[in-house]
Amino acid sequence: MPIALIPVLLLVIPILEIAVFILVGNLIGLWPTLGLVVVTAIFGTLLLRRQGLDTLARIQAETRAGRVPARELVNGVMIAIAGVLLLTPGLVTDTLGFLLFVPAIRDAVWNFLKARVVVVAAGGFGRGSGPAPRGDPDVVDLSGAEFERRPDPTTPWRGTDGQSAPDGEPPRRILH
């Protein structure tokens with residue numbers, strides 16, 4: 008989505024919401040329309056909790072199996088967007104939010120994105136997640152003997168005695 012489209016959406020969506028709210032209000036009345044908005048927010052919150060926890064469990068299962076949980080992550084993002092849309096007052100955003108809770112629609116979005124997005128594991132997902140190969144010019148590989156911790160006297164992060172905090176303790180900041 009081009010960045011220039013965002014200001015247009017920020018203008019069009021509220022106008023569309025107001026128009027739909029007026030149309031539905033004329034059909035079923037003011038109080039039922041307001042009740043519909045509140046009920047969809049409550050129902051959306053319940054759906055968000057259930058599907059969000061299910062998606063989180065699937066992400067954890069894929070990670071434990073050593074696979075990149077790309078599909079589950081995309082589903083999680085779509086469920087989070089659905090939750091935001093459902094908590095936003097309005098009937099159009101509620102409709103879009105409920106559509107994102109439908110697994111078939113999320114699968115269609117996944118199939119669309121799958122060919123256009125590459126998900127790369129940053130580490131901990133099985134093959135290819137170990138240390139960089141030797142000879143990589145961007146990697147400095149030090150042994151324990153080559154690495155030495157030296158206190159930096161110019162750092163603002165030091166203990167009350169002006170020395171670096173010992174390992175295991177959080178550093179304390181002293182303002183001068």
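Residue numbering for the sequence shown follows our numbering, beginning at 8 and increasing consecutively.
All residues carry an ideal CB built from backbone N, CA and C; glycine is no exception.
Cβ distance (whole Å) where residue i is taken to contact residue j below 8 Å
i, j, result
"residue 85", "residue 116", "6 Å"
"residue 11", "residue 55", "With a Cβ gap of about 30 Å, residue 11 and residue 55 do not count as contacting."
"residue 53", "residue 66", "Not really, about 21 Å apart at Cβ, beyond 8 Å."
Neighbourhood of residue i by C-beta distance below 8 Å, restricted to the same chain and skipping five residues each side
i, result
"residue 31", "40, 43, 98"
"residue 62", "79, 82, 83, 86"
"residue 14", "none"
Neighbour-count burial assignment, residue i, 16 or more Cβ in a 10 Å radius
i, result
"residue 68", "exposed"
"residue 101", "buried"
"residue 76", "buried"
"residue 17", "exposed"
"residue 57", "exposed"
"residue 93", "buried"
"residue 104", "buried"
"residue 113", "buried"
"residue 51", "buried"
"residue 107", "buried"
"residue 161", "exposed"
Nonlocal neighbours in the same chain, by C-beta distance under 6 Å from residue i, ignoring five residues either side
i, result
"residue 134", "Caution applies to residue 134, whose pLDDT of 46 falls short of 50 and renders its modelled position unreliable; the model cannot decide the point."
"residue 9", "none"
"residue 72", "none"
"residue 148", "none"
Close-in-space but distant-in-sequence residues of the same chain around residue i (CB under 7 Å, 5 per side omitted)
i, result
"residue 120", "81"
"residue 91", "none"
"residue 27", "98, 99"
**Asked** What are the uninterrupted segments assigned as alpha helix (DSSP H) that are 4 or more residues long and contained completely in the stretch 19 to 74, given in chain order?
**Response** 37 to 71
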